[in-house]
Structures are given as structure tokens and as C-alpha cells.
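Heads up: the structure comes next, in C-alpha cells.
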Amino acid sequence: MRAGSVVPQRVLVVDTAPQSAGTEDLDDFDDLADLADRASGTAADDADVPVGVLAAEPDADRATIVSEVLTRVAAEWGDSPESEDSPESEEAAESDGGEARAEFADWVWVLSDVDGLVPESECLAELLTAAEAEPDVGILLPRAVGAAPDESVPADTSPGEDTYPAEAPGALIRVTWESDLETDLGADTDVQDETAVSVPAARLAALAEGGRSSTAAPAPADAGSAESRDDRSRPARHARQRTRAPWWRVLSSPPVVLGAVLAAVSLIVHGLLADRLGLDLAGGALLPVGGLSEVWSAYLASWHGVAGGTTSAASPAMAVLGVLGVAGGPEVAVSLLLLLDLPLAGLVAYGATRRLGVGRWVRAGGAAAYALIPAATDAVAAGRVDVVVVHIVAPAVAAGLISLLTRPEVRWLPLSALCALGLALLGAFSPITYGTAVAGLLVAFVALPAPTGRTGRGIPALVGVVLLPPALAMPWLPTLVAHPVLLLHGITGPSTEAGVAGLLGLHPAGGVPLGIVVVLAAVVACVLAPGRHLAAGLALTALGVAGVVVTQLVRATPLTGGAAAPGYAGAPLIVVGMGLVALVLTAFRAPAGRGSARSAGRASAAVAGGALTLVALVLAAGFASAAEQPRGEVRAGGGVRLAPALDTELADSGRGVLVLGHGAQPDRLAAARTPRFGDDALAPVGGMAQRLEGWRYGLLAGSRDAVTDAAAAGVQFVVLPPGEDGGALRGEAGDLVRSSPNTSDGRTVLRLTPESGQVTLVSPEQAHRAVSGGAPSDELMRGSAIARVDARLPEAHVRVSDGPEGRLLVLAAEHEPGWTATVDGEPVPITPAWGHQVAVSVPEQSSEVVVQYSSPAHGVFLLGSVAALLFTVLTAIPGRGRPHGTRGR
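So my numbering is basically just the index in the sequence shown, starting at one, shifted up by 752.
Rendered as C-alpha cells:
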């Protein structure tokens, strides 16, 4: 339209000048003719555009004018029934409501001369831009330049009253039949829009009724009375029934088509190109997910039987999975996140872009491009569930933060709480994304000018957004402070260094860098439509690039041991992709002069570039999946899974399984179960990672000492790396190992035969070796020299009988502060066994021995996080009524 390619089909000019009352001839008023000419974008004699004039009373309020406009349009240009009282007309209105609205209500632009002031060209340009961007517009009423609100109306007027707050020149009153009218008529809140003044809900209901009949809309009753509330609700329900779209229009709407197409692409990618259709996905960086009780126990526990025992707190991601898995289990929830990543991310991105001022199909195309970013597909293939969560949640969080920074009319308290919840979710899975978002928020808060009308509420909102996420993750904070490597590597561990081509192609795993099409599209958008409207997209891109630089240049030793490694660039590349897509979308709403050929060329280039981008990203998704499949990363039933009989034996005995690492996979040790999702985010005791590495080298070389050391630490089964059959170990220590059924992925499993358990009572001879630094003797790990005690850590209540002096009660737990022991109620010191395990000297006579770990601080942190969660959730619930004041800084 701005380029002259679309011309209004009808123009109706509303004249409120006193001298023109009752006049219907447009030619009598040159200023109105000029206004109609500017509105249509062409001379009246060059286009067959019906132009009419509605002469309104000079003192008529806006609501009355709008009602008269709808009545006039319906009567002259619409095919709506003459009377809504007859059954035939009502049936026609309900069955053919979509076509009736398409005739006149979808494209009604009301150009109003308010207080003798005609809107200037900038206001008209904004009007036409909004009309192009929103095809469902029912009413557009531009606010005249210099028009002021009724000063007699107090600022805190209730929503039902007829009041229009002061806005910038050219602001619009907008009502959309498909969304705003249907959604907001039943509430006391008004239609919200970034550049809009909204008509009160009660008046909207009256307008909806008056616009389809020959009578003007009645004035609303007193907003505070019960009668007025009932009057508001009844027309609202009636309006919702009459504006319900037919089923075919709903099914062909952009979000439905977007979700269906992305779901189909996801089905093809995961079903045909990779064996990922299942509800028990695991492999790669994704360890098998435990059951609901197991996940919640892991989050709430202060001690974990991982890596020989650790007091590290679990990531809040476990609590999130516990909530998501209430219905079908955390394993199903994680699998659905991976399988539905594309449609979920696309729909969230579509909703997050609703205030960009571009058409719905354009938004759908941008959302599809964002959903198909290669970094997200690579994350699914590699089992990086943390990046998948970022991919789904990041657009909503970014939109909320931008609104909090730039829109003075938002309810700052609920919005800041929602943003805090979103940031907490990002931080639970990807700490580096949370850090990047907070850094960008602080910079933007300082750099951006305060919007008009701020009253000092911006600082409390900023404080809430920044500090509530750490409060929600309070139990995990000591672990983050003590092990900052988690900020870089996250909960799924480190990665290898990404190549330059992979980074430019938004594909951290390498392969065909088709994502570079998104980069080129954003560059073209910046060249063709430069301006301040690109600021948000550029800021997001810069934040993502900063995150990529950090992950690739900073190297740190992983929690699970090994050489220093960079972080995974997937999450920062998601942010980069989000910024690039935002640049392309905002280029569609760039202001341009009337009749500009440059605008038409830009639109054509953008459409062609968008189609090419989507095709390239679909190919990238397919290539990424096909490239990952031979590596056997994520698949249904993947990961290290023991035979069911061995799982049952582990659960009964409480002993551990040692999974030897290979390649980028670290060595893992877990008690009473195989390693699970979340174990890699638990910090082992100092030196334990090196100890596990030493056991791996010794076991593969056939060392008997490695076998007895691992058995003394409670290990019962050893899973060898792929391709290893344990021949050297069988040859050198065949009496200490025995073959067991292989894992689900074909890896060799060996059983360690020396007697051991979570808690054992060892003879004085073995106890002497334990406290003197000697290696465990396999001869003293059989028969009467050792007795397994039935106890489960982190508590051991043991009744020992009379025996020789020097016996030792040994626990398969690494020695850390917090362990205490009593003998017959009297405190006794902890004696380290083998230099690193918890042990207690046992007296000769019969006695009651209690050894346990306790952490009062962990309980306090849990209560604090629960309190913060309740506060945040309750604060995020918006109150009723119109947001009166404005947000401040």
C-alpha cells in the first residue's frame, strides 16, 4: 500500500467541523478531499475508489463516531442483514460472519478530524502501515496531532469509563475482530497495543452491537455498579458468539499452519532420517532420565551417590523436569521436548513477535526460520536438552524484557515476575544464557532513554528480574559459586571447538553451513531498511555473538575431569539466530515514502529471501539429523542401560556401576543405578575425577589393584568402552572378575567378585591397610574378613557385636565436611579409609554405631527457593483493571 501497489477500496471521511453538519458532498471541502487523497495514496480521479463523508455532530465523542461509521459502512458497502431481530438475519450473521466482516469490517479505516486538526502525513503513514500489517483490523482511528485527552477525566478512571489517555501524536485506536474484540470484551482490561489507545471494554461491546444495526451505541452505565458490569458482560458474550471464525478459517490461520508444518518436518527429521521416535530417548549428552520419584529425590537430596558420593546440590532443571513429568514421567517429558522442539519453538516465536507490526504470515515465516535454526537441530541430535529449552523459551523471555524496557504502559510488576520466571528457567538449564541475558538487560537499562511517563518503577522491576532467578535456584548457588565451570559448560558438559564455517552457519557441530542463509538475509535487511527499528535485533545478535566468543575462547576443566575444553556454542547461536530473524522481520515495518518503488522491491526481495531461507533451513535440519545418525547419538532406548536383572540387583544391593569413558564421554560412577540425567552437573569431591581416570587405565591394563580399589569403593559392575572386551583384565585378574550380560548398546559388562557394599565391616588386618595408605587386599575381601552391612547411605545405623579390636566400619562415600558418627550416642571422629572414604573405628564390645551426613543449610535454601517461587508466581498473576500508572526507571 505504501508502495502504491494496494489502493483502498472505499474511503469514508468523518467530518466534525461545525459548518459541515448534514453535508454529504465531498467536493465542498478541499481539505477533506485532500485527506481522502492522502489516505488512498493516489488522486481520486486516477482510481475508482468510492469516497463518502459522514458528517458527525461537532460535540460527538469518539465512541459515537465509530459506531456511526460502522453503521454507515454496513449500510452502504456491507452485505450484512438489515435487522438482527429476525431469525433469518441472525442465522446468516452466524453462518456467514467471516464473509460479512471481510466485506466491510476487516478494512475499516476511520479518519477523524478531531478538534479541527487533520492528521498529518506521518500519522497517515502509521495508519496505513498498521492496516497492512494487521489484516483483521476492524477499526483504526488515528489520534490527531496535538489532540489532548479530556483533562476533566481523572487519571485513575476505571476501565469501563469513556476516557482516552494522552499518547504520542499519531497513536491509533485499534480494535481487531479476530483477536482483541473476541478476547477482551469479557474482561475489564482494554485492548493493548504498542502504539494504540484502546476503547474501554464496555464501549467496545456497545460498538460491536451498534455497528451492525441502524441504531447508535448506547452510552455505558456507571462502571462501578453491578448493573453496568452485567450490561458489559452480556453484550460481550453475544459479540464473541457472532465473531467466532468458521472452522476452515481457523485451520488455515498462520499459527495452525505453522504448527502443523513444523510438526510434519519434525516427524520427517526424527522418524525417517533418524531413529528418534520414542518416549525413552537418550544418548550423546543426554543420559537416561529417571522416574518421577527419582528425579524429585535427586533435587531434594543433600547427598548423592554419584562419583563415590557428593554433597553437591542438583540443578534446578531436575525440579523443572519433575513438574513437567507429573503426567507421564520426566523421561516422557524430555523426549517430547526433543521431538516437539520445532513446533514449540516456532509457535512461541510467533507469539513473541505479535508486537512487531508485521503481517501474521510474515511472522509465521520468521518463526519457522527461527525454529529451523541448525543449532537447534544439532542440539536435539546431540542430546543437548539445555539448548532445546533455550530454543523454546528464549523468544518469550526476550519479548518480555523488551516490553519491560520500552513500553511505559505495561503492568511492570507482573511482567517483571514473568520475566524472572523465564530467566530462572533459562538459568536452570543454561547458566551462560542467563548470564548473557542479565548482562544485556543491565546495559540496555542504562543505555536506553526512559519512556515518557516513568515514575521510578523501573529500578524495582530491574532488581526483581535480576535477583529473583538466583533466589529460585538458591540450593544450587553454593555449587555454582564453588564451581564456576558450570556457567561455561552447563548441565550437559563441555564440547569440542567449533569451526568458523560451523559458527557462521549457526551449526556448532559443523556439517553443511546452510544457516548462513539466515545471516545473509539479515545483512540484506539491514542494507535495504536501515534505521532505529533494527535496534532490538542488533542487540540480540550482539549478545549472542558475545556468548559464542566466551564459549569458544574460554576453556576450563570439566567437572567430570579431563582436559580443559570449551563450552557448547549451541545456546549462544540460538540467541544469534533469534536476533537475525528479528532483523529480517523488523525490516518489513521500516517506514518508507508513499509510492516508493524501493519499498516494493524490498518487500519482493524479502519474500523471496524468506522462502529461500526456509528451504535452506529445512535442508539443514535434514543434513544435521543424517550426519548425527551414524554416530548413534540420541535414539529411542539409547544410552547405557544394563540388563533388567542387573538393574534389580544393583537396586537391592546399593552397590555401584562404573561406566568407563571414551572420547568426549567422561568416566561415571553411580550407586544403586546406572548414571542418569543430571549426574554430570553434580560436582565430585576433589581428586575423585582423577581417581576414576586411574581406575579406567588400570582396569583396561589388567591391574588387580584397580579391581580391589574399585570394589572397596562399592563398585559391583564395570561397563567397558565400546570395542573393549576386557581380555587383559580377564587374563591378569580372572579370579576377581566375571562376565555379565552386555548393555543395550552392546558394551561389555564385567562383575567384580570381591565382597563389598555401601557399608562394610572389615577385619583389623584390612583396617590397618585402610588407614595406613595401603591398597585393599583381595584376600581380605572374602569370607569372614569382611561383612556386608544392610544400610543405605547417607545414613548407616549399625548394631555391631563383640569382636576383635581394630575393626573398621567403612562407607562407600567420599569424605567431606558434614559427616558425623556416634558410638552408643557418644560422638567419635571420622577415620578416612584408603585416604578418601568415610570410616569409623568400632569398639570390641557390642555397640550401636550411627554414621550420617546432614546439611541444615541445604534445607534452608530449599525453603528459601520455595518462598521465592510462591512470591514470583503470585506476583506474576496480573490484577484486574486497566494499568493506570506507568513504569519508571
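All C-beta atoms in this analysis are idealised placements derived from N, C-alpha and C, irrespective of residue type, glycine included.
- In this structure, A1323 lies near T1185, with their beta-carbon atoms less than 8 Å apart.
- Comparing alpha-carbon positions, the option among L1232, V1270 and S1536 lying closest to S1508 turns out to be S1536.
- Close CB contacts of G1616 within its chain, under the 6 Å cut and outside five residues either way in sequence, are with M1226 (chain order).
- DSSP, read as helix, strand or coil, puts R1534 in coil.
- Sorting A1037, G1263 and L1504 by C-alpha distance to the C-alpha of D1432 places A1037 at the top.
- When C-beta atoms of the stretch 1410-1419 are compared with those of the stretch 1548-1559, fewer than three pairs fall below 8 Å, so the two segments do not count as touching.
- As computed with DSSP, Q1589 is found in a beta bridge with E1566 and A1585.
- Secondary structure in the stretch 1263-1299: the alpha helix (DSSP H) runs of 4 residues or longer, each lying completely within the stretch, are 1268-1280 in chain order.
- Within the same chain, D1554 come within 8 Å of Q1597 by CB-CB distance, once the 5 residues on both sides are set aside.
- Boundaries around H1549 are those of the beta strand (DSSP E), E1547 to V1552, since no alpha helix (DSSP H) includes it.
- The Cβ-Cβ distance between T1505 and L1532 does not fall below 8 Å.
- When the five nearest sequence neighbours on each side are left out, the beta carbons in the same chain lying within less than 6 Å of the beta carbon of V1141 are those of F1181, in order along the chain.
- For the 8 Å CB-CB criterion, G1570 and S1606 form a contact.
- When C-alpha distances from G1117 are compared across V1132, L1092 and L1099, the shortest belongs to L1099.
- Distance from the CA atom of V1008 to the CA atom of W1113, rounded to whole angstroms, is 11 Å.
- G1080 is not a Cβ neighbour of V1047, given a cutoff of 8 Å.
- Around the beta-carbon of W1055, 16 or more other beta-carbon atoms lie within 10 Å, marking it buried.
- Remark: C-beta atoms of I1154 and A1288 approach each other more closely than 8 Å.
- By the 16-neighbour rule on beta-carbons within 10 angstroms, Q1442 is exposed.
- In its chain, beyond the 5 residues on either side, A1316, A1317 and P1318 have a beta carbon closer than 7 Å to the beta carbon of R1307.
- In the three-state reduction of the DSSP assignment, E1517 falls in the helix class.
- Contact between the stretch 1325-1343 and the stretch 1279-1288 is present, with at least three C-beta pairs closer than 8 Å.
- A contact between stretches requires three or more CB pairs, one per stretch, nearer than 8 Å, and the stretch 1386-1402 fails this requirement with the stretch 1520-1531.
- Membership of L1504 in the beta strand (DSSP E) is indicated by the continuous run V1501 to L1504.
- Per DSSP, the unbroken alpha helix (DSSP H) holding R1001 starts and ends at W999 to L1003.
- Where Q1442 is concerned, the enclosing alpha helix (DSSP H) starts and stops at M1440 to A1453.
- Scanning F1429, D1542, L1614 and G1135 for the CA closest to the CA of A1564 turns up D1542.
- For F1469, the beta-bridge partners assigned by DSSP are V1409 and R1503.
- Judged by pairs of C-beta atoms under 8 Å, the stretch 1578-1589 does not touch the stretch 1612-1626, as fewer than three such pairs exist.
- For W1571, the enclosing beta strand (DSSP E) starts and ends at W1571 to V1575.
- When secondary structure is reduced to three states using DSSP, R1544 falls in the strand class.
- Counting along the chain, P1579 sits inside the beta strand (DSSP E) bounded by residues E1578 to V1580.
- In terms of Cβ geometry, P1427 and G1313 do not form a close pair [threshold 8 Å].
- Burial of P1260 is indicated by the presence of at least 16 other C-beta atoms within 10 angstroms of its C-beta.
- In the three-state scheme derived from DSSP, where H, G and I count as helix and E and B as strand, Y1605 is classed as strand.
- In this model, G1329 and L1272 are separated by some 12 Å (Cα to Cα).
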